[in-house]
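For reference, the structure is listed below as C-alpha cells.
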Amino acid sequence: MIEENIHFKSFIRFILLTIGFLCILTYITFQARFIIIGPQINLTDEAGLLHNERQIFLSGRTHNISHLWLNDRPIYTDAQGKFNEALVLENGYTVATLRAKDRYGRETKVTRGFVYAPVSFAGEIK
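As C-alpha cells, then:
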C-alpha cells in the first residue's frame with residue numbers, strides 16, 4: 020500500500036513537471052514569434068496604378084525592424100511602427116521599393132509601381 024502511494028506521487032510529480040515544462044516552452048515560443056518571423060512591412064493605403072498628381076503618400080506599418088528605406092533613402096517610423104512618406108512621381112512609370120531590415124540582418128522588400136499622367140493626358144487613357 021505504501022509502495023503504491025510512492026508510485027502514485029511520483030507519477031503525479033512527473034505529470035506536473037511535464038505540464039510545467041510544456042507551458043514554459045509554449046510561452047518562450049510565443050514571445051519569440053516576431054524574432055522567428057522576421058521584419059514585416061504592411062501598406063495601409065494601397066494607392067492605385069494611375070495618378071494625375073505628382074506627389075503621393077505611402078503609408079503603412081512595420082513590425083520588428085531596425086531600419087527602413089524608400090528607394091534606398093532612409094525613412095523613419097513612430098513608436099508604433101507607423102510611417103507616412105511622400106513620393107514624387109516622375110513622368111511615366113515610377114517604381115517604389117520599401118526595404119526593411121531587422122537587427123539580425125534579415126531583409127524584406129515591398130515593390131509597387133505607379134504611373135504619373137497629367138490630368139489632360141489621363142483623360143485620354145481612360
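All residue numbers for the sequence shown refer to the working numbering, where the first residue is 20 and numbers rise by one.
All C-beta atoms, glycine included, are put in the ideal place defined by N, C-alpha and C.
Since the structure is predicted, the reported quantities are computational estimates derived from the model, not experimental observations.
Here the alpha carbons of F49 and L106 stand approximately 37 Å from one another. The shortest C-alpha to C-alpha distance from T113 to any of H70, R80 and G100 is the one to H70. Judged by their CB atoms, L87 and F76 are not nearer to each other than the 8 Å cut-off.
By the beta-carbon neighbour count (other beta carbons within 10 angstroms, threshold 16), T116 is exposed. Of the residues assessed, N83 falls on the buried side of the cut-off, its CB having 16 or more other CB atoms within 10 angstroms. Contact between V129 and L62 holds: CB atoms are separated by about 7 Å, below the 8 Å threshold. Note on F27: under 16 other CB atoms within 10 angstroms of its CB, so exposed under the neighbour-count rule. Counting only the Cα atoms, L35 lies some 10 Å from L41. Note on geometry: alpha-carbon atoms of R32 and L44 lie some 18 Å from one another. Taking the C-beta atoms as reference points, G57 is found nearer than 8 Å to D121. Under the three-state reduction of DSSP, Y46 is assigned to helix. For E104, the CB contacts under 8 Å within the same chain, skipping 5 residues up- and downstream, are F76, L77, S78, L89 and I94 in chain order.
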